[in-house]
Every structure is written in C-alpha cells, then in structure tokens.
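K.L.:
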Amino acid sequence: MVNLQKFGVCRCTPCRSAPASRASKSSHLRPTRRVTVSVRCVSSSPAADTAYTTKVSRNANIAKLQAGYLFPEIARRRTAHLLKHPGAKIISLGIGDTTEPIPEVITNAMAERAHALSTVDGYSGYGAEQGEKKLRAAIAATYYADSGIEETDIFVSDGAKCDISRLQVLFGSSVKIAVQDPSYPAYVDSSVIMGQTDLYQQDVQKYGNIEYMRCSPENGFFPDLSSVPRTDIIFFCSPNNPTGAAASREQLTQLVKFAKNNGSIIVYDSAYAMYISDDSPKSIFEIPGAKEVAIETASFSKYAGFTGVRLGWTVIPKELLFSDGHPVAKDFNRIVCTSFNGASTISQAGGLGCLSPEGLKAMQDVVGFYKENTDIIVETFTSLGYNVYGAKNAPYVWVHFPGRNSWDVFAEILEKAHVVTTPGSGFGPGGEGFVRISAFGHRENIIEAARRLKELYK
Ligand SMILES: Cc1ncc(COP(=O)(O)O)c(C=O)c1O
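195 is the number that full-length UniProt numbering gives to position 195 of the sequence shown; each next residue is one higher, with no gaps.
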C-alpha cells in the first residue's frame, strides 16, 4: 500500500486500486513514468464523523451559497457517470477549459525566464505587485492604444477570476451589484461570500439584493436598462459567458450612459474579446466616457491556453473615482499589495511572449482553431432544428431546448452521448431551458461529439 498523499495526489474516494503517476526527480527531462500502485484511503474523515469541533462559527455568508460552485458540481457528476459507465469515452464540452498546446513562441519565453532564474544575473525574487513594467506597457500598447489607458492603469494578475474576488474585497459588503442573467457564476458567488446579498430565494432561484438583468433571445441578450434599478456595481461580460453574445458599440454606449446617470461602476469582463469577429468593441474603453465609470478585467487564459499557467490583468483608469473623490485604483493597489505578491515571473515572461508579434499571431491561430470548432457545433445543432445563439464572437454555443429543464438535458446528453455540457440554469434563472456547449476541445473530439449528438437528437 502506498500513501499517495505524500505525492500530493489524493484519489482515495472510494478506496480502490488506481493508476498514479510518480514523477522522478528529473521528470522535467524525461516523460512521466506511469506506475500502478495500490491505494489505501488515507483522507481524513468527513466533518460529520468527527467528534471534535472548534468553537469557530461558520461564515454565515458562505453558508448562503447554493450547493457547490457550478463547475466542481459538473465535475462531480462526470465522475459519478464514469463510475457507472467505466468504459465510456467521455467528451468534455462543459467546463470551458482550453485543450490545445501553448504555442512554442510563448513557452520558449517562459523556459528562457525559468532557466535564467538559475543564474546569478537572471535571478529575481518578489516583483512589483502590480506586475512588470514592461508587461504593463505591452498590455496598454496592444489592447488600449487608442483609448488613453496607460501602463500605470494596469494591474497584472494571476487571472480574471482572482481579480473578480479582489474587486469584491475592494467594494466591500455594503454595495449592491447587478449581473447579466445568465452570467459567469463568479460574480454572484463572490458577492454572496462578501456578504453583499441576502439569502437565496428558492422560488425565484435568485439571491436577495442582487439585480438580475435578464438577457434572452427576445432582447438580443442585452438588458432593458430602462427597467433596471440603480445598483452600485454592474458586472457586464462581453462576449458573454455563457450566451456568447457580444454587445454592440451602441449597446455599450447605452450601458456607459446608464452607469454615469446612476453614478455606478461597471466591472467589464473582456476575457473573450479576442474571439470577436464582427465590429463589436473589444474593450469598454472604446466607449467615450467609460474611463470615468468602468473597470475592465481580462485574461490570457482563453487566448494562449493559460488556464493553468495563470495570467490576466485588470484596468482601473485614474479617472475612476469614489463618491468622495478618492481614486478607485489607489484602493485597489492597497488590496493588491496586501493580498497578492504579483503574478509569477515565469507567467509574466509568457505574457510578454504572447504580446510579441509572433505571439499575437500564434494566439490568433489558437483562437481561430476554437472558432472552427464552434462552427462544427453550430452546424450540428442547426441541422437538428435547434435554435443556437452566441458562437460568432465567443467559444460558446448557447443551445435552446424550449420547455425543458437544463439539468435534465445535461443529464440526457451525458447519459446517452457521454458528452459533458453545462446546464444553462447553472448561470442563473435566465439560463433555464438552455445548455452551453464549449468549443474548447481537440478537433477529433468535437467531431465525435457532433456525431453522437446528431445520433441522439436525429
Ligand atoms: C467570463 C469569464 N471571466 C473570467 C474567467 C476566468 O479567467 P481566468 O482563467 O483568467 O481566471 C472565465 C473563465 O472561464 C470566464 O469565463
């Protein structure tokens, strides 16, 4: 029996024999050797079985959260499916994780930096919490050249999701937020954790004290702002996850005007901007006046396959002020310096590789590959007679199953086609009746998934 915990691998539920990889000391030079070991369950008992409890109360805000975060819940169901059908060749078009290798021009930049760390001259320890000057400048020049955003407005980070939570710490517990419905779950869940919300209301499937701005085919996936009450913060994601809809210049102009009239701050998530194929703005800062009302968060995750490498950035223009005139960026800087010690130097070297002329071309190729996958998925569902949305400007296809429960459709596709999708209702009540299909996948898997889906719904 081998205790896998000492290798940092826990596969112990339930107790069973399992293949495990053990990296040798020089595993960076040789392929990982796979060995079969017998595993004994060594995990600690669940809390319910433990007699001893501390005297620390559970954070009541976390207790408000519903079930698990959406994607771990999907992973749990996938694992359960695999236990039931051990031989099934599951294709995952659910979680939205990238699958294609990082272009070499980018990994070379990281490798070079990693090797330099082994030299006296090339070694560096803690860097600037806000990120390397050169990378901040390259981000400003590449993505914000015409909008007056400067290097000093940019905070480099370990990814957009982490920044969303840091922004919530910045705003504190007394603000009220608005979200698109449906939306990426991190906005709502981080709001709950911060204590900005009331309890979850099962009947409407919403948390109290959050404004859910319905985005549906009927309104072109852009909320009717004339019926949205004022909130302090407006989370807005374009191109949107999960609907794939990108807001037009005219719509974003309306949004900026709405924020300005209400004295609100927009947190604009542009994690999929490079997927835009039409003339929709790639940044909120393309809209005049946005610098006084908006923050933008972005990421290399879906452009360069950096979901594991981790690198993103957040833009807080110096023009953005709190009601007392204090610059928002100054407070964010304080949070970053307190809770974050800067993105990994190796990731930042990768970021510079991404923004070199060859890196930009390589990222465009990666994005182009996933967009071809998107076309295959769109063709699959349209040929079956389904209405599909998104896709054009995003790596997500939003498929309508009118009158059906999203989790039921998710379960049906998993059970009968062994394909993992994401139930639309996991993104908010406005997602009920829809399923999100991610275009991140190896081509052969996308083609095979398309074949199985055609077979299932013919
Ligand atoms: C809309 C949106 N924002 C942010 C993220 C997270 O990005 P990162 O990997 O940079 O944390 C995701 C990831 O799926 C996303 O869909």
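Virtual Cβ for every residue (Gly too), placed ideally from N, Cα, C.
Pull up the distance between the alpha-carbon of S322 and that of K260, whole angstroms please.
P.N.:
Per the sequence shown, the amino acid found at residue 322 is Phe instead of Ser. One C-alpha to the other measures close to 13 Å.
K.L.:
How long is the line joining the alpha carbons of F332 and N341, rounded to whole angstroms?
P.N.:
The alpha-carbon atoms of F332 and N341 are separated by roughly 13 Å.
K.L.:
Could you check what DSSP says for G390 in three-state terms: helix, strand or coil?
P.N.:
Reduced to three states, the DSSP call for G390 is strand.
K.L.:
Is there contact here, the segment 104-124 with the segment 448-458, by at least three beta-carbon pairs under 8 Å?
P.N.:
In short, these stretches do not touch, since the Cβ pair count stays below three.
K.L.:
Please return the same chain residues whose Cβ sits closer than 7 Å to the Cβ of F258, not counting the five positions on each side in sequence.
P.N.:
If we look at F258 and ignore the five residues flanking it on each side, its Cβ neighbours are L225.
K.L.:
Compute the minimum distance between the beta carbon of D354 and the heavy atoms of ligand 1, and state whether it is under 6 Å.
P.N.:
Note that residue 354 is Cys in the sequence shown here, rather than Asp. It does not: the Cβ of C354 is nowhere closer than 6 Å to a heavy atom of ligand 1.
K.L.:
With a threshold of 16 other CB atoms inside 10 Å of the CB of L83, please say whether the residue is buried or exposed.
P.N.:
It is exposed - the Cβ of L83 has fewer than 16 other Cβ atoms within 10 Å.
K.L.:
Could you check the C-alpha separation between T421 and I90 for me, to the nearest Å?
P.N.:
Between T421 and I90, the C-alpha separation is close to 11 Å.
K.L.:
Please return the same chain residues whose Cβ sits closer than 7 Å to the Cβ of P402, not counting the five positions on each side in sequence.
P.N.:
Taken in chain order, the residues that qualify are G433.
K.L.:
With a threshold of 6 Å (Cβ to nearest heavy atom), would K161 be considered close to ligand 1?
P.N.:
Yes.
K.L.:
Using a threshold of 6 Å, is the CB atom of Y143 nearer than that to any non-hydrogen atom of ligand 1?
P.N.:
Outside the cutoff, so no.
K.L.:
By the 10 Å Cβ neighbour count, where 16 or more other Cβ atoms means buried, how is C237 classified, buried or exposed?
P.N.:
That one is buried.
K.L.:
Distance, Cα to Cα, S147 vs I284?
P.N.:
So the alpha carbons of these two residues sit roughly 9 Å apart.
K.L.:
Between the segment 387-397 and the segment 275-283, are three or more C-beta pairs nearer than 8 Å?
P.N.:
At 8 Å Cβ cutoff, the stretches touch.
K.L.:
Can you tell me where the alpha helix (DSSP H) with A417 in it begins and where it stops?
P.N.:
A417 -> alpha helix (DSSP H) spans 406-417.
K.L.:
Grab the span of the alpha helix (DSSP H) containing E448 for me, first residue to last.
P.N.:
That run of the alpha helix (DSSP H) goes 443-457.
K.L.:
Please report how far the alpha carbon of R30 lies from the alpha carbon of E100, in whole angstroms.
P.N.:
For R30, the pLDDT reaches just 37, beneath the cut-off of 50, and the residue's location in the model is therefore unreliable, although a value from the coordinates is still provided. Taking the straight line from one Cα to the other gives about 21 Å.
K.L.:
I need the straight-line Cα distance from G263 to L414, nearest angstrom please.
P.N.:
Approximately 45 Å, taken between the alpha carbons.
K.L.:
Can you grab the Cα-Cα spacing for the pair G351 / A160, in whole Å?
P.N.:
The straight-line gap from Cα to Cα measures roughly 14 Å.
K.L.:
Ordered along the chain, which non-local residues of its own chain (more than five positions away) have a Cβ less than 6 Å from that of S165?
P.N.:
Excluding sequence neighbours, S165 sits near S190.
K.L.:
What three-state label does DSSP hand V315 in the structure shown?
P.N.:
It is a strand residue.
K.L.:
Looking at C-beta atoms only, is the number of pairs between the segment 199-214 and the segment 175-184 that lie closer than 8 Å three or more?
P.N.:
Enough Cβ pairs lie closer than 8 Å, so yes.
K.L.:
CA-CA distance, K25 and T119?
P.N.:
No answer about K25 holds up, because its pLDDT of 33 lies below 50 and its placement is not dependable.
K.L.:
Since E296 sits in a beta bridge, which residues does DSSP pair it with?
P.N.:
Answer is Y268, V315.
K.L.:
Are there 16 or more other CB atoms within 10 angstroms of the CB of S21, so buried, or fewer, so exposed?
P.N.:
Here the model assigns S21 a pLDDT of 36, short of 50, so the residue's position is not dependable and the matter cannot be decided.
K.L.:
Keeping to the same chain, check which residues put their C-beta closer than 8 Å to that of I447; ignore five residues upstream and five downstream.
P.N.:
Within the same chain, I447 has close Cβ partners I376.
K.L.:
In its own chain, which residues sit with a C-beta less than 7 Å from the C-beta of E150, not counting the 5 before and 5 after it?
P.N.:
Only A140 meet the Cβ criterion.
K.L.:
Answer yes or no: the CB of A271 versus the heavy atoms of ligand 1, is any distance below 6 Å?
P.N.:
A271 Cβ: within cutoff of ligand 1.
K.L.:
Under the DSSP definition of a beta bridge, which residues are partnered with G422?
P.N.:
For clarity, residue 422 is Thr in the given sequence; the question names Gly instead. For T422, which the question treats as bridged, DSSP gives the partners R436.
K.L.:
Considering just the uninterrupted stretch of the beta strand (DSSP E) at M213, what are its terminal residues?
P.N.:
Looking at the DSSP string, the run of the beta strand (DSSP E) that includes M213 is 210-214.
K.L.:
S183: beta carbon under 6 Å from a heavy atom of ligand 1?
P.N.:
No, since every heavy atom of ligand 1 falls outside the 6 Å radius drawn around the Cβ of S183.
K.L.:
Could you compute how far the alpha carbon of E412 sits from the alpha carbon of I266?
P.N.:
The alpha-carbon atoms of E412 and I266 are separated by roughly 38 Å.
K.L.:
Taking all protein chains shown into account, do 16 or more other C-beta atoms lie within 10 angstroms of the C-beta of A362, making it buried, or fewer, making it exposed?
P.N.:
So A362 ends up on the buried side.
K.L.:
Any heavy atom of ligand 1 inside 6 Å of the beta-carbon of S216?
P.N.:
It does not: the Cβ of S216 is nowhere closer than 6 Å to a heavy atom of ligand 1.
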